[in-house]
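Structure record follows, encoded as structure tokens.
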Amino acid sequence: MKSRMWQYIKEEAQVLKHALGAEDVREVMSRVDTGIEAVYFVSHGSSFNAATVASNFLSSYANVRVYCYTPGNFLSNCTTIDFEDRDKTLVISISQTGTSRGTLEAVEKARRLGFKVLGITDVQASPLYAGSDYQLLLHCGEEKSNAKTKGYSATLVVLLRFAVHLACKKRKISANQFHTIYHELSSSVEELPDIFASTVDWCKATKFGNGMKNVFVIGSGMNYGTALEGQLKLMETMCMPAAFNDIEEFSHGMHRAINQNSSVILLNSEDSNAPFIEKTFRYLRTKTDKVMMINARRKKIKDPMVINIQHHPYTQSVLGITMVIQILSVFIPEINGFDPNRNANNDYTKYMNTRVSV
């Protein structure tokens with residue numbers, strides 16, 4: 001274990017405990033209007049992926065319309081927001097460093113149009129924090145890595161907390177349900193050290209990813225967003241082609257790209273598409289021996305290529321599945337002799353002014 005990413009992943013349990021207990025969510029909720037009917041997430045990269053994971057959770061429990069946009073798409077391809085009620089719509093912009101240029105430009109557009117903005121970042125002295133009407137901190141600490149891990153998981157916790165607090169304030173869920181979901185989040189965090197240890201042992205035993213040339217990450221439900229994050233993580237650390245999809249779409253063309261050299265990671269949680277995930281797992285093993293599944297259903301699966309983790313019905317075990325993905329994203333490059341943070345066109349972000357200077 002050489003990469004600094006290992007330490008960041010190990011820190012997650014403590015980081016997320018802090019994020020779960022932070023008072024700023026309650027403070028922000030005291031100022032946010034209960035009449036919110038629509039939420040627009042605007043963010044890049046892993047922040048966008050976290051928003052995708054949380055979007056339907058927020059919509060379901062708080063009874064709001066939720067849209068996820070990348071900043072570029074929000075700036076040039078989002079007419080829908082022009083027709084929204086300014087008093088009943090909230091724009092949520094997320095950037096771990098608070099310096100993403102596209103995110104900041106999107107915030108400027110939203111405020112120019114008359115919308116309130118909630119900025120979520122880890123850096124209080126950042127342009128995003130200063131330029132937002134409301135602010136939430138990630139409480140994750142500095143993360144000197146191209147591929148973010150603890151910051152991504154902290155973003156998930158902050159978004160899920162925001163969702164249940166908004167739902168409770170709008171009286172869409174009972175106090176009992178609020179505490180049940182909070183307990184599930186707390187239990188999910190408590191399980192992370194055990195998931196870390198068992199996943200590392202599994203990786204060492206199976207050597208999954210040795211010789212990996214490409215990878216497909218497939219999920220469904222809330223873990224459709226986790227599949228998107230898994231694709232990005234392995235693309236960032238392996239510097240190779242990677243793809244993601246939900247299980248229903250996978251059979252509409254992407255399946256044709258699978259061959260004996262393909263690696264596939266399937267994310268299985270307790271939703272209506274679980275039977276299709278498991279059926280696909282069995283099918284793909286006839287095509288390549290590089291297939292594994294992370295299973296978070298009530299029913300555990302006894303198979304050497306399956307990692308079983310605890311079932312959590314409200315959050316579909318997104319925190320545990322995410323940790324497995326993060327471990328794979330650092331173990332796989334290292335088993336192939338690569339530094340996950342090696343230089344790979346690093347000058348491009350400066351060339352494109354991806355971040356603003358502070």
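Throughout the sequence shown, residue numbering follows full-length UniProt numbering, covering 1 to 358 in sequence. Here a beta-carbon is modelled for each residue, glycine too, at the ideal position from N, C-alpha and C. These figures come from a predicted structure and were not determined experimentally.
Shown here, D339 sits in coil according to DSSP, grouped into three states, outside any helix or strand. Taking C-beta atoms as the reference points, A125 and A54 fail to come closer than 8 Å. By the Cβ rule, the region 77 to 90 counts as touching the region 31 to 42, because three or more pairs are nearer than 8 Å. Relative to V358, the option among C140, A130, D289, A227 whose CA is nearest is A130.
In the three-state reduction of the DSSP assignment, Q96 falls in the coil class.
Taking C-alpha positions only, S59 is separated from S262 by approximately 35 Å.
By the C-beta criterion, the region 166 to 184 is judged not to be in contact with the region 290 to 300, since fewer than 3 inter-stretch pairs fall below 8 Å. Taking 8 Å as the cut-off, the beta carbon of N273 is found no closer than this to the beta carbon of M293.
Following the DSSP letters along the chain, one finds K17 inside the alpha helix (DSSP H) bounded by residues 12 to 21. Contact fails between the region 37 to 52 and the region 22 to 29, because fewer than three Cβ pairs, one in each stretch, are under 8 Å apart. Y61: member of the alpha helix (DSSP H) spanning 45 to 62, first to last residue. Contact between the region 315 to 333 and the region 2 to 17 is present, with at least three C-beta pairs closer than 8 Å. Here DSSP, grouped into helix, strand and coil, assigns G253 to coil. A contact between stretches requires three or more CB pairs, one per stretch, nearer than 8 Å, and the region 236 to 250 fails this requirement with the region 189 to 198. Contiguous alpha helix (DSSP H) elements confined to the region 246 to 306 occur at 247 to 250, 274 to 284, taking only those with 4 or more residues. In terms of Cβ geometry, G119 and L128 form a close pair [threshold 8 Å]. The DSSP assignment places complete alpha helix (DSSP H) segments of no fewer than 4 residues inside the region 85 to 154 at 101 to 112, 127 to 131, in order along the chain. Here DSSP, grouped into helix, strand and coil, assigns G211 to coil.
Every unbroken stretch of the beta strand (DSSP E) spanning 3 or more residues and falling wholly within the region 187 to 234 is given here in chain order: 215 to 219. Here the alpha carbons of G230 and A257 stand approximately 18 Å from one another. Counting C-beta atoms within 10 angstroms of its own C-beta, T155 has 16 or more neighbours from the protein chains shown and is therefore classed as buried. DSSP places A344 outside both helix and strand once states are collapsed to three, so it counts as coil.
With a threshold of 16 other beta carbon atoms within 10 Å, G337 falls short and is exposed. In the DSSP annotation of this structure, the continuous segment of the beta strand (DSSP E) that includes R65 starts and ends at 65 to 69. In this model, R161 and V117 are separated by some 17 Å (Cα to Cα).
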